Structure formats: structure tokens, C-alpha cells
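Below is one structure, written out as C-alpha cells; comments come after it.
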DNA sequence: ACACATTGCTGACTTAAGTCAGACATATGC
DNA sequence: GCATATGTCTGACTTAAGTCAGCAATGTGT
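Chains as they are written, first to last, in this note's numbering: chain A, 1 to 291; chain B, 1001 to 1291.
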């Protein structure tokens, strides 16, 4: 019985094929073949344009057409010509279609909830699933600008504060730190960037400006499941690009000696240590970078 | 953008469906439909008995038969009557079949190796995959008797020693501890039990006897990815059952105060603390259970 | 205005997978 | 020894999925 990496991966494949297979056939639970269900769900998720649909699901033009006709006959979908190009067609859900779509969503959610309820170590499982999903799909991590008050940003910041609390010997209390105003981290003064892997926010960085030529980097965080992939570096590069775009010439940041991997990154990417420039109680390292 | 458990699970499903789907179609890479390839692989993995095959792959009797005929026509498989029951049939690979089977194995291994090479955090990924696979298939954890020198047992023991080294403040050196003779943990004197989840050993326990009515429980270990599932308790129950079977009436064990969850388990399952009964340098807790 | 490209659609076809009923040989219990 | 159960096989059928060629409508460049 070999216990090498390869047999472990293959064990994983077997386990997941079975589980995901069960998920696939569950789509049959509503009396509709998988193909039709996939089309219905894609439309429900906003991919109504027939060409987009084909592309997303990887289907042949003829097959797509037939599946759409089937859903039309069921009264779940209507297709209308595209407003600006009459060759193209756009599919949309009818009232009945929306109902059926929600039924699939509920089914899918229920299955996920079920897994959570059955496994006594939900948190560990979720973390492991995040890591696997990130590893499998990591080409797809995109960096996007977001409102620092958006769900994605708040999720990252909450995790960031929690991690500071664990790692700083003093603990961490947001109220004592200078929590930047949202407007300082949005255009035109600054920016807030979120790294997203297939819908899950996995990292963030804030650029806090005051309208002048100096700005601060704040809140650099990468979720544990996405570490080791060079994402922090990508986030910093994106933040610097945004700074250049805003006409900023000098960047500063503060950090803490407990955050060793962050300090290492700064030192390796052209930041130089400077004197303390604020009276925030938590940081004990201060850096600057001129661009 | 919701970041709840359910959307995380669904993200995982998407990532894995894509990856495993690619793996599935790769089976077509050798010009044979998935069904036939699955049968060939199952036979290669020792499931030649036609009934076993059907059961394992979840196929209809007729379909199985047809797929076997197909493989026979290709010259990859021969079916012979079962030696003890002429109604049953057993399929076996021919020389060409074995070659084709190894080609599939190589393909599958290559894919796994590829994943490892592409992801910079192989160890973390493997651990996460183990945990997910265990969670998905945990109904299937079987407890089996094994030779303490078998691959599976050695794997568990190695992990066990490594964990002791990390957790005991003194470290742990097998050479200083009393490493039981293999024969003491095999019938008729004792037993060695391994918990196996779809081929991966995930826990073990040894019953070390000397031929008398007293025996010791040794080497209780559960791998991190399978903790929290009550497996240690199951292993202990299986060990006690084996002891009863061997006519043993008194069980003893030693442990260390650093292994808190183990001590808790012993106290909850009828073990009572006794005086030190050996001079092994590592243990500082001693228990006994009469049956 | 014309040739040509693009888009979606339809009909005819193939392959894979699976279901069902019944045939046939072999085992098992009484 | 006989009725019944079990295990495998075959033939006839269905469904899902996908491919391919060609058609009709619409857009684009010259």
C-alpha cells in the first residue's frame, strides 16, 4: 500500500469524483438532463447571450440551440434578438424559469449545508477546500478595485484584524489603531484592491491618500489558503501602479516585527526603512518607497 | 459577493469539477470510452470478480458484461469461471491488458505529479486533499488487522513518532523507548490494527501481548486529517475486542501528559489511573482497564 | 450594391451509457 | 430430486450528448 503524494492525490480524485458525481446526478432530481439544467443555470447566472452561453458551457452551436428550444417548450426561457445586432439572440428566464432556477440554487445550497452538518470539523474542512480550490484554479486570481465597505473588502479586513490579534503579542484592537476613512482609500484620493479567486476574496491592500503626492499602503493581507503563490507581491505591484496612476510619488507604510514575511517582502522590493512617522501604538517598523 | 460556507463549498465544487472533468476526459486520451477504461482499471486494481466489479463501479449486469466482451475483443482481458462457484466469472488482464493498464496508471500518476510540480505548497495541498477526501468518504473508514511491519503500519508509526517528537517537551527518540517486537503485536500474542480510508492509512493502534492474560495498548495514533471523527475511540474498541478474542482480561497502557486528548479519551472510556509499571523514560501517566 | 463573414438554427447522423426482459447454467435448501 | 435462488449473458430498446453540413438572416468592408 503506497502512501506517496501521487496515491494521495488519486485518493482525493476518487473521493471527489464520487461526491461531485452525486452532485451532478442530483441535477437529474428535477427531471431534466444535465445539459438542460446547465443551460438554465447559466442563464440564471446572467449568461443569457447565446454566444456567451456556448462559450461558457463549451457546447456546440447546434446543441445549444436545441437545448434552448427544449427549455422554451417547457416555458422556462424566452429568446429575443440582441438589441444592437439582430443576428445575435439573448435568452432570458420567464417567471416559471426563475422559479425553477431558484429551485436548483436551493438544491445546491442544501447539499453544501448538508456536508457542513455531517462533518464535525466544518471550519477545517472549509479551509482545506479553499486551499484546494485555490490550487486548482490559481491561474484565475484577479486583482480588482473595490469599495472598502463592500462585502469582499469587509471580509478581508475582518480576517486581517483577526490575524493581527493572533500574531501581535499585544493583541490588536481596531478602535485603537487609526482605521482609515473609506473615502481615503477610494478614487480620487486612494484605492482599495481585492484579489478574487473564482468569487472568493483571498487578499487585499489599501492605498490611503490625502490628495497630495504622498500616500500610505495599508491593510496588506493574503488569506492562508492563497499564501506562497506570490500574491502579496502582485497586490503590492497593483497598489504601486494605482499610486502612479493617481500621481503619487512617495509611498509609506508601517508594519510590525511580528509580521516577518511582510517585512521580508518590503525589503526585497525596494522599500527602505525610515523613522517612525505616526503615533499608532501597533507598528514598530516604518518604510518608504519613492517612485 | 457572499463569503459564507455554502458559496465556499460551491466554489470548491466548480474548481474540482473542472479539474476532475479534465482527468475523466483524459481517459479518452487512449481512444477508449470512459466506461471501458474504468472496467480495465478496476480489474487492474484486483477487482476481477464480475460481481465485485459491478458493485464497485455501480454498473448494470448487462452493461458490465458488454464492456467485458469489448475488452475481450481487444485482447486485453480474459474471463474464466470462478474456481469454487461455476456460476461466477473472474476477469483477468492479459499481457496486452497489463500493458494498457500501466499506461493508464502512468497517465494518472503523471497528472498528479504535474499538479504537485505546479503548486509551490505541495505539502499543504496534500494535507488539505487528505482532509477533504476523508470528509467526503468517511463512512468508509475501515479498521483492519495488519502486520506491524507492513507499509501501512510503518507509515502510521513514522508519523506517530514524528508527532511525539513535536509534542513532547523532551523530544522523542524511538531507540530510547521500548519498541515492541513485531511478533508481540501479532496473533496469537497480540494484534496491530490500522484504520484505512480508501487506501490511505489514517490511524493505528497496537495490542502487545506476552501470551498471558495481561496486555498493553501501544501506538494509538490518528492522522490529523481524520481527527474529530471518533476514530481513536473506534480503534480502542477494536483493540479491546481483539484482546477479548485473545482471552486477555487486563489491559494496561502508558501515556504522556502532553497528549491531552488521549488522556481524556482513556478517562472517559473506563480506564483508571495506576502506578508506574515500567521504566520507559517518556510516559508519565499509567492506566489500566479490566474487562 | 455586392461579396463575404458572422450568428443561430435545423436535420441527419454517431457514440456512450444505461435499462429491461428473458435465456441459460449452476448452486442451495428442503 | 426438485423447486427456487443466484450469477452471467444476450438482444432490443431508450436517453443523453455531441458532431457535421448546410441554410437563412443579418452585419461589414469596399
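The C-beta atom is built at its ideal place from N, Cα and C for all residues, glycine as well.
Just so we're clear, the structure is a prediction, and the values are computed from it rather than from any experiment.
* Reference residue 277 of chain A; option with closest CA among A:259, A:262, A:270 and A:252 -> Within the first chain, residue 277 of chain A is the residue found at index 277, counting from 1. Checked all of A:259, A:262, A:270 and A:252; the closest Cα to residue 277 of chain A is A:252.
* First through last residue of the alpha helix (DSSP H) which encompasses residue 210 of chain A -> Counting from 1 along the first chain, the entry for residue 210 of chain A is found at position 210. Unbroken run through residue 210 of chain A: none, as it is neither H nor E.
* Asked: Cβ of residue 102 of chain A less than 8 angstroms from any chain B Cβ?
  -> In the first chain, residue 102 of chain A corresponds to position 102, counting from 1. Taking Cβ atoms only, chain B never reaches closer than 8 angstroms to residue 102 of chain A, which makes this a no.
* State whether the segment 150 to 169 of chain A contacts the segment 1036 to 1048 of chain B, with contact taken as three or more CB pairs (one from each stretch) at a distance under 8 angstroms. => no
* Asked: Does DSSP classify residue 148 of chain A as helix, strand or coil?
  -> Mapped onto the first chain, residue 148 of chain A falls at position 148. Coil, per DSSP.
* To do: Spell out a yes or no on whether the segment 93 to 105 of chain A and the segment 121 to 134 of chain A are touching, meaning 3 or more CB-CB pairs, one atom from each, closer than 8 angstroms.
  => no
* Is residue 1107 of chain B helix, strand or coil by DSSP? -> Working through the second chain from its first residue, we reach residue 1107 of chain B at position 107. Residue 1107 of chain B: helix per DSSP, three-state reduction.
* To do: Within the same chain, show all residues whose beta-carbon is closer than 8 angstroms to that of residue 1262 of chain B, passing over the 5 residues directly before and after it, in chain order.
  => On the second chain, residue 1262 of chain B is found 262 positions in, with the first residue counted as 1. So the list reads 1220, 1232 and 1255, once near-sequence residues are dropped.
* Asked: How is residue 258 of chain A classed by DSSP in three states: helix, strand or coil?
  -> In the first chain, counting from the first residue as 1, residue 258 of chain A sits at position 258. Residue 258 of chain A: coil per DSSP, three-state reduction.
* **Below-8 angstroms beta-carbon distance, residue 284 of chain A vs any chain B residue** => Numbered from 1 along the first chain, position 284 holds the residue referred to as residue 284 of chain A. Taking Cβ atoms only, chain B never reaches closer than 8 angstroms to residue 284 of chain A, which makes this a no.
* To do: Could you confirm whether any beta carbon from chain A is found closer than 8 angstroms to the beta carbon of residue 1130 of chain B?
  => Taking the first residue of the second chain as position 1, residue 1130 of chain B is located at position 130. Residue 1130 of chain B counts as touching chain A.
* To do: State buried or exposed for residue 1081 of chain B, treating a residue as buried only when at least 16 other CB atoms are found within 10 Å of its CB.
  => What you label residue 1081 of chain B is simply residue 81 of the second chain in a count that begins at 1. By the 10 Å Cβ count, residue 1081 of chain B comes out exposed.
* Would you identify the three-state DSSP class for residue 1326 of chain B, choosing helix, strand or coil? => This structure leaves residue 1326 of chain B out entirely; chain B is present only between 1001 and 1291.
* **residue 248 of chain A at chain B interface by Cβ criterion, 8 angstroms** => What you label residue 248 of chain A is simply residue 248 of the first chain in a count that begins at 1. By this cut-off, residue 248 of chain A is not an interface position.
* Apply the 10 Å Cβ neighbour rule to residue 88 of chain A and answer buried if 16 or more other Cβ atoms are within range, or exposed otherwise. => Looking up residue 88 of chain A in the first chain gives position 88. Per the 10 Å Cβ criterion, exposed.
* **alpha helix (DSSP H) runs contained entirely in the segment 36 to 111 of chain A, provided each spans 4 or more residues** => 50 to 57 and 61 to 73
* How would you list, in chain order, the residues of chain B whose beta-carbon sits under 7 angstroms from the beta-carbon of residue 172 of chain A? -> In the first chain, counting from the first residue as 1, residue 172 of chain A sits at position 172. Those within 7 angstroms of residue 172 of chain A in chain B number zero; the least Cβ separation is about 21 angstroms.
* To do: Alpha carbon to alpha carbon, how far is residue 63 of chain A from residue 293 of chain A? Give it in angstroms, no decimals.
  => Nothing in the structure corresponds to residue 293 of chain A, since chain A is present only between 1 and 291.
* Asked: Helix, strand or coil: how does DSSP classify residue 227 of chain A here?
  -> Taking the first residue of the first chain as position 1, residue 227 of chain A is located at position 227. Note: residue 227 of chain A maps to coil in three-state DSSP.
* Of the choices B:1258, B:1150 and B:1071, whose alpha-carbon is the least far from that of residue 1048 of chain B? -> Within the second chain, numbered from 1, the residue matching residue 1048 of chain B stands at position 48. For residue 1048 of chain B, the nearest C-alpha among the options comes from B:1071.
* Measure the alpha-carbon distance for residue 1034 of chain B versus residue 73 of chain A and round it to whole angstroms. => Your numbering for residue 1034 of chain B matches position 34 in the second chain. Your numbering for residue 73 of chain A matches position 73 in the first chain. Approximately 32 angstroms between the Cα atoms of the pair.
* Asked: Is it the case that the Cβ atoms of residue 183 of chain A and residue 242 of chain A are separated by a distance below 8 angstroms?
  -> The residue you call residue 183 of chain A lines up with position 183 of the first chain. The residue you call residue 242 of chain A lines up with position 242 of the first chain. Against a cut-off of 8 angstroms, the Cβ pair of residue 242 of chain A and residue 183 of chain A comes out as no contact.
* Could you spell out the range, first to last residue, of the alpha helix (DSSP H) harbouring residue 132 of chain A? => Indexing the first chain from 1 puts residue 132 of chain A at position 132. Counting along the chain, the alpha helix (DSSP H) containing residue 132 of chain A begins and ends at 122 to 136.
* Kindly list the residues whose CB is nearer than 6 angstroms to the CB of residue 1152 of chain B, restricted to its own chain and excluding five residues on each side of it in sequence; keep chain order. => Here residue 1152 of chain B refers to the residue found at position 152 when the second chain is read from its first residue. Cβ neighbours of residue 1152 of chain B beyond the five flanking positions: 1146, 1194 and 1201.
* Environment of residue 1077 of chain B [buried if 16+ CB atoms lie within 10 Å] -> One-based indexing of the second chain puts residue 1077 of chain B at position 77. Buried, because 16 or more other Cβ atoms sit within 10 Å of the Cβ of residue 1077 of chain B.
* **Simplified DSSP state of residue 1119 of chain B, which is helix, strand or coil** => By 1-based counting over the second chain, the position of residue 1119 of chain B is 119. Coil at residue 1119 of chain B, not helix or strand.
* **Expected contact under 8 angstroms - CB spacing of residue 185 of chain A and residue 207 of chain A to nearest Å** => Within the first chain, residue 185 of chain A is the residue found at index 185, counting from 1. Within the first chain, residue 207 of chain A is the residue found at index 207, counting from 1. At roughly 7 angstroms, the Cβ-Cβ gap stays under 8 angstroms, so residue 185 of chain A and residue 207 of chain A are in contact.
* Residue closest to residue 1210 of chain B, alpha-carbon to alpha-carbon, out of B:1267, B:1006, B:1236 and B:1181 -> Numbered from 1 along the second chain, position 210 holds the residue referred to as residue 1210 of chain B. With distances taken between Cα atoms, residue 1210 of chain B lies closest to B:1181.
* Asked: Mind pulling the chain A residues with CB within less than 9 angstroms of residue 1122 of chain B?
  -> For the purposes of this step, residue 1122 of chain B is identified with residue 122 of the second chain, where counting begins at 1. Result: 5.
* To do: Throw me the rounded Cβ distance for the residue 1005 of chain B and residue 112 of chain A pair, which I believe falls under 8 angstroms.
  => To locate residue 1005 of chain B, count along the second chain from 1; it is residue 5. To locate residue 112 of chain A, count along the first chain from 1; it is residue 112. With a Cβ gap of about 7 angstroms, residue 1005 of chain B and residue 112 of chain A count as contacting.
* Express the C-alpha separation of residue 1118 of chain B and residue 38 of chain A in angstroms, rounding to a whole number. => Numbered from 1 along the first chain, position 38 holds the residue referred to as residue 38 of chain A. Numbered from 1 along the second chain, position 118 holds the residue referred to as residue 1118 of chain B. Distance between the alpha carbons of residue 38 of chain A and residue 1118 of chain B is about 30 angstroms.
* **Minimum C-alpha distance to residue 285 of chain A - residue among A:259, A:188 and A:54** => Here residue 285 of chain A is taken as the residue at index 285 of the first chain, counted from 1. Nearest option by C-alpha distance: A:259.
* Enumerate in chain order the residues of its own chain whose CB-to-CB distance from residue 94 of chain A is below 7 angstroms, with the five nearest sequence positions on each side excluded. => Position 94 of the first chain, counted from the first residue, corresponds to residue 94 of chain A. If we look at residue 94 of chain A and ignore the five residues flanking it on each side, its Cβ neighbours are 75, 76, 77 and 78.
* **Contacts of residue 119 of chain A in chain B (Cβ-Cβ under 7 angstroms)** => One-based indexing of the first chain puts residue 119 of chain A at position 119. 1135, listed in chain order.
* **Min CB distance residue 271 of chain A to chain B below 8 angstroms** => Working through the first chain from its first residue, we reach residue 271 of chain A at position 271. No, its Cβ sits nowhere closer than 8 angstroms to a Cβ of chain B.
* To do: Could you tell me the boundaries of the beta strand (DSSP E) in which residue 32 of chain A lies?
  => On the first chain, residue 32 of chain A is found 32 positions in, with the first residue counted as 1. Element bounds for residue 32 of chain A: n/a, residue is neither H nor E.
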